[in-house]
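Written below as structure tokens is the structure these notes are about.
Number of protein chains: 2
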Amino acid sequence: MGRPVRLDELQTPALLVEAERLDANLRTMSDALPGTRLRPHVKAHKCTALARRQAQRGHAGFTCATIREMEGLAAAGLGEDLLLANEVVDARRLSALDARVTVAVDSAETIAAAADAGLHEVLIDVNVGLPRCGCAPDRAGALADLARSRGLGVRGVMGYEGHAVGIADRGERERLTAESMEKLLAAHVDVGGEVVSAGGTGTYDCNAAATEIQAGSYALMDTTYAALDLPFELALSVLATVVSVADDYAVADCGLKALGMDHGKPAIEDAEVWFCSDEHVTFAPARRLHVGERVRVWPSHVDPTVAYHACVHLVSGDRLVETWPVDLRGW
Amino acid sequence: MGRPVRLDELQTPALLVEAERLDANLRTMSDALPGTRLRPHVKAHKCTALARRQAQRGHAGFTCATIREMEGLAAAGLGEDLLLANEVVDARRLSALDARVTVAVDSAETIAAAADAGLHEVLIDVNVGLPRCGCAPDRAGALADLARSRGLGVRGVMGYEGHAVGIADRGERERLTAESMEKLLAAHVDVGGEVVSAGGTGTYDCNAAATEIQAGSYALMDTTYAALDLPFELALSVLATVVSVADDYAVADCGLKALGMDHGKPAIEDAEVWFCSDEHVTFAPARRLHVGERVRVWPSHVDPTVAYHACVHLVSGDRLVETWPVDLRGW
């Protein structure tokens, strides 16, 4: 991949990260959760270059959602303590990694998968209120016993309060988090081990029960998280080119294949976004734009946006600082 | 990329295409719109191997949405007649292609871009009711004159009735299409040329005005188009593995990074889909599933789903026939 010299020569749509805002977000978080208190989740950025910056700030352990993310971090020399915070039924690729590997388990089948693959360590994944993976809290102790009987080290418990992280009202967010952590700590009593892994960007400062927080979105942010009362700045946008202008709207080349859309439409400054098509966003700007002009499109959900792009450009004002491959994509 | 021998050994999530249904869809469409009456849109599948099958059925010309799609088709030897049905303000990469290249223009700026790049042929893109690209119908003649004055050959007009293609009621769909084509034909009188390019999968059989139809979704389909009264079968699914089972729901490893979500949730047979997370779908199955079992997840929108995947597996029953790279991704 050639490295363009000027930002205005980038082929659009192009994923941009504001360098100063990224730095501020990383600093704010590591001030609040230093060292191993934070286990950054790489699913939000899928980028080993960005993970390296997190490691340089003292966070030696990482959280992953896929085997591919685990492999990529290990290959990049960032394998000091990798947690696959997700269930897998075929763990064989994980046993080949040059890394400390811990995997979440919530059933006899996933424990067997970890043991059969020759892995050494697991966390018992507990359902704390989000209907997704995780065993019922009162099953956690039995699963820990089963894991130990298969020769696996049980490092502790994990439980993601995903139903709380996006709640706008802080009081309600705190209440749901406390309720979830009560379940997790009860399971922890039965399971043992030193790790209580939980949390996300929305609850990083209201989850006192977890020994480590699995936040990821804080580094780049999106318009959904920016609507909460969090001290992190929007750092991720998609640079787009205006390709058509009508009397009351304009069209730029950033569409459904450059944006995660599950949280809704993206935002454009001083404009009302009407809709997105495969390769277009149609929007009503406050002033008349001209064809060829560039606009920043701000995604509503960082994770599925980043996953569409082969690389991300670190920028400072109009200067292109560096280009990073989004090298943890795929499975 | 290694080619797995058995379908049940595929790493999930994995994009699958049912070979027989794909064949049936290609046949149905080329029976209805033989040869150059169809100009297949490759944005829906982004796959030169699939485009080659369309070419083998007699469709020598293709429609593209991005420069990358144009480049990929040309490099694959499928460049007999390529239309970039989209506006670009920097057309220089197109002039290097070993292909017949036509590009849509709707402004003085995009005409200048085509001329400056040394391209030879354009279509005048006309707004026929969808607020996206395209000039006002009464501006088309003047733009054609401008293009000719810059040495460009004007092959005719293009106008996409995108606001009609998804309408469930056939009568209303026909009415909107007729209304749109009235505008396009009026512009065509002013523009001249032999091409009237329009249409999509939803209007392929009710647009008699266009000389060529730009349908793409018909080959693979999605649950949104399948809800219309069209003779095409759902051929595209994502194979997923059940990784966790609770009393009233199950979780499989196919989420927001494997599915276009702008048209809503995917479908799973004999199950109610609750929600998707980055790497998960949570659903309530009619019967209790077991961890490790595989399910097919049917996307609601084909185009942004395919764009997440590096390859697509052609399958026949439980047999893996072939693996095709999704080689037209990116920009």
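Same order as they appear, the protein sequences are chains A and B. For the first sequence, position 326 (counting from the first letter as 1) is numbered 326 according to the working numbering, and the numbering increases by one without interruption. For the second sequence, position 4 (counting from the first letter as 1) is numbered 1004 according to the working numbering, and the numbering increases by one without interruption. The beta-carbon is built from N, C-alpha and C at its ideal position, and this holds for glycine as well.
Chain B residues whose Cβ lies nearer than 7 Å to that of residue i
i        : result
ALA310/A : GLY1330
ALA307/A : LYS1257, TYR1308
ALA251/A : The sequence given here places Val at residue 251/A; Ala does not occur at that position. Simply ARG1132, CYS1133.
GLY260/A : LEU1256
Unbroken beta strand (DSSP E) run spanning residue i, endpoints
i         : result
SER244/A  : 236 to 245
VAL1101/B : 1101 to 1105
LEU84/A   : 81 to 84
GLU269/A  : GLU269/A -> no beta strand (DSSP E), and no H or E assigned at all.
ASP1125/B : 1121 to 1125
Partner residues on chain A for residue i, Cβ-Cβ distance less than 8 Å
i         : result
GLU1279/B : LYS43, ALA65, THR66, ASN86
GLY1166/B : Result: empty, since nearest Cβ-Cβ is about 12 Å, beyond 8 Å.
Residue range of the alpha helix (DSSP H) that includes residue i
i         : result
ALA198/A  : It is not in any alpha helix (DSSP H) - ALA198/A instead sits in the beta strand (DSSP E) that spans 195 to 198.
GLU1071/B : 1067 to 1075
ALA1108/B : 1108 to 1116
THR224/A  : 223 to 226
MET181/A  : 170 to 191
GLY151/A  : No alpha helix (DSSP H) contains GLY151/A, which DSSP labels as neither H nor E.
PRO304/A  : 302 to 306
LEU1050/B : 1048 to 1056
LEU332/A  : Since the displayed chain A opens at 1 and closes at 331, residue 332/A lies outside it and no answer follows.
Contact with chain A by residue i, beta-carbon distance below 9 Å
i         : result
GLY1292/B : yes
ALA1246/B : yes
MET1221/B : no
CYS1276/B : yes
GLU1071/B : no
ALA1267/B : no
ASP1327/B : no
VAL1089/B : yes
GLU1272/B : no
THR1012/B : yes
GLY1162/B : yes
THR1177/B : no
THR1203/B : no
THR1323/B : no
9 Å Cβ cutoff, residue i in contact with chain B
i        : result
HIS59/A  : no
ASP303/A : yes
PRO136/A : Correcting the residue type first, residue 136/A is Ala in the shown sequence and not Pro. Closer than 9 Å to some Cβ of chain B, the Cβ of ALA136/A qualifies, so yes.
ASN127/A : yes
GLU224/A : It is Thr, not Glu, that sits at residue 224/A in the sequence shown. Judged by the 9 Å Cβ criterion, THR224/A is not in contact with chain B.
Where residue i falls, given that 16 or more other Cβ within 10 Å makes a residue buried
i         : result
GLU1018/B : buried
VAL189/A  : exposed
MET1001/B : Bear in mind that the predicted position of MET1001/B carries a pLDDT of just 46, short of 50, making it unreliable; the figure below should be weighed with that in mind. It counts as exposed.
GLY260/A  : buried
ARG1039/B : buried
GLU1212/B : buried
ARG6/A    : exposed
GLU1009/B : exposed
GLN337/A  : Here chain A comprises residues numbered 1 to 331, so residue 337/A is not present and cannot be evaluated.
ARG1092/B : exposed
ALA1290/B : Correcting the residue type first, residue 1290/B is His in the shown sequence and not Ala. By the neighbour-count rule (16 or more Cβ atoms within 10 Å), HIS1290/B is not buried but exposed.
PRO1299/B : buried
ARG1288/B : exposed
ASP253/A  : buried
beta-carbon residue i near the ligand FMN non-hydrogen atom, thresh 8 Å
i       : result
ALA65/A : No copy of the ligand FMN appears in this structure; indeed no ligand is present at all.
Interface partners of residue i on chain B, CB under 8 Å
i        : result
THR282/A : PRO1131, ARG1132
Beta-carbon neighbours of residue i, restricted to chain A and to distances below 9 Å
i         : result
VAL1017/B : Neighbours of VAL1017/B on chain A: none; closest Cβ ~18 Å, over 9 Å.
Partner residues on chain B for residue i, Cβ-Cβ distance less than 9 Å
i        : result
SER107/A : VAL1243, SER1244, VAL1245, VAL1291
Anticipated Cβ contact below 8 Å, residue i with residue j, distance rounded
i         : j         : result
ARG100/A  : GLY79/A   : 7 Å
GLY118/A  : SER95/A   : 5 Å
THR28/A   : ALA60/A   : Wrong, their Cβ atoms sit about 19 Å apart, outside the cutoff.
GLY200/A  : ALA215/A  : 5 Å
MET158/A  : ASP205/A  : Between ASP205/A and MET158/A the Cβ distance is about 19 Å, and since that is not below 8 Å, they are no contact.
ALA1051/B : LEU1073/B : 6 Å
VAL1191/B : GLY1141/B : 6 Å
Any C-beta of chain C under 9 Å from that of residue i
i        : result
THR110/A : Of the protein chains in the structure, A and B, none is chain C.
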